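J.:
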Amino acid sequence: QKEVEQNSGPLSVPEGAIASLNCTYSDRGSQSFFWYRQYSGKSPELIMSIYSNGDKEDGRFTAQLNKASQYVSLLIRDSQPSDSATYLCAVSQRQAGTALIFGKGTTLSVSS
Amino acid sequence: EPEVTQTPSHQVTQMGQEVILRCVPISNHLYFYWYRQILGQKVEFLVSFYNNEISEKSEIFDDQFSVERPDGSNFTLKIRSTKLEDSAMYFCASRDRGGAYGYTFGSGTRLTVV
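Just so you know, the protein sequences line up as chains A and B, in that order. The numbering used here numbers the first residue of the first sequence as 1 and each following residue consecutively. The numbering used here numbers the first residue of the second sequence as 1001 and each following residue consecutively.
#1: Buried or exposed for Met1015(B), going by 16 or more other Cβ atoms inside 10 Å?
#2: Mapping DSSP to helix, strand and coil, what is Asp83(A)?
#3: What are the boundary residues of the beta strand (DSSP E) that includes Ala1093(B)?
#4: Roughly how many angstroms lie between the CA atoms of Thr1082(B) and Gln1006(B), to the nearest whole one?
#5: Under DSSP, the beta strand (DSSP E) around Asp78(A) begins and ends at which residues?
#6: Quick check: is the beta carbon of Val1067(B) nearer than 7 Å to any beta carbon in chain A?
#7: Where do the N-terminal and C-terminal ends of the beta strand (DSSP E) with Val1043(B) fall, by residue?
#8: Pick helix, strand or coil for Leu1084(B), following the three-state DSSP scheme.
#9: Cβ atoms of Arg37(A) and Ala85(A): under 7 Å apart, would you say?
Have a look at this one:
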């Protein structure tokens, strides 16, 4: 069974700090990796996608992928209270078409 | 920015009744999905749809569920005889061929079975 594992948290960081969120996955055939943000009662909102080993930066967010270790991470720099949400790691087998498998999510709380 | 639109936002139904959840995916997207999220739990895949047929489905998507794309814009999920455990948030999602922008989710339909 394909599994995506995340620490459920809560992860608490002060405003301005770096938040580090981690995710592992079981299916070595996975090729596409996504981080979504979900506010309570709302739908998942795409933050980052990453397909190749290494780092990918977009503004305050950096996604890191290590396929050999089956590990994906998300760094949020200069964390803001508005970043407080649940962060969902999602994985799919191919770049198009196949289903996303989600982790349970990590709840991030940024205190001002 | 293009959106995936879902209606209704909230539906209450009695156990055993049929419900149809509606979605309008982004117009140039080719892949369509239904997911559900039971309160406090993770987002779970139900079914994917491509080229007017189901391309993949999960164990959750049993005979009481069906999907349809009745015209060029709508994508529906039907639950034939609802159970209490079907109470959840149901999300529609769509994706283009290249997938560079990931899967775009609709705002969801909260289904409450009483």
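The beta carbon of each residue, even a glycine, is placed where N, CA and C say it ideally should be. Being a predicted model, the structure only gives us computed values, none of them experimental.
T.: Short version:
#1: Taking the second sequence and counting its residues from 1, the one referred to as residue 1015(B) is at position 15. Looking at its Cβ environment, which holds fewer than 16 other Cβ atoms inside 10 Å, Met1015(B) is exposed.
#2: For the purposes of this step, residue 83(A) is identified with residue 83 of the first sequence, where counting begins at 1. If DSSP states are grouped into helix, strand and coil, Asp83(A) belongs with the helices.
#3: Against the second sequence, residue 1093(B) aligns to sequence position 93. Note, Ala1093(B): beta strand (DSSP E), Ala1088 to Arg1095.
#4: The residue given as residue 1082(B) occupies position 82 in the second sequence. The residue given as residue 1006(B) occupies position 6 in the second sequence. About 19 Å.
#5: As a position in the first sequence, residue 78(A) is number 78, starting the count at 1. Careful: Asp78(A) lies outside any beta strand (DSSP E) and carries neither H nor E.
#6: Mapped onto the second sequence, residue 1067(B) falls at position 67. So no, Val1067(B) is outside the interface.
#7: By one-based count along the second sequence, residue 1043(B) stands at place 43. Following the DSSP letters along the chain, one finds Val1043(B) in no beta strand (DSSP E), marked with neither H nor E.
#8: For this step, residue 1084(B) is matched to residue 84 along the second sequence. Here Leu1084(B) sits in helix by DSSP.
#9: For the purposes of this step, residue 85(A) is taken as residue 85 along the first sequence, with counting starting at 1. For the purposes of this step, residue 37(A) is taken as residue 37 along the first sequence, with counting starting at 1. Contact flag set, yes.
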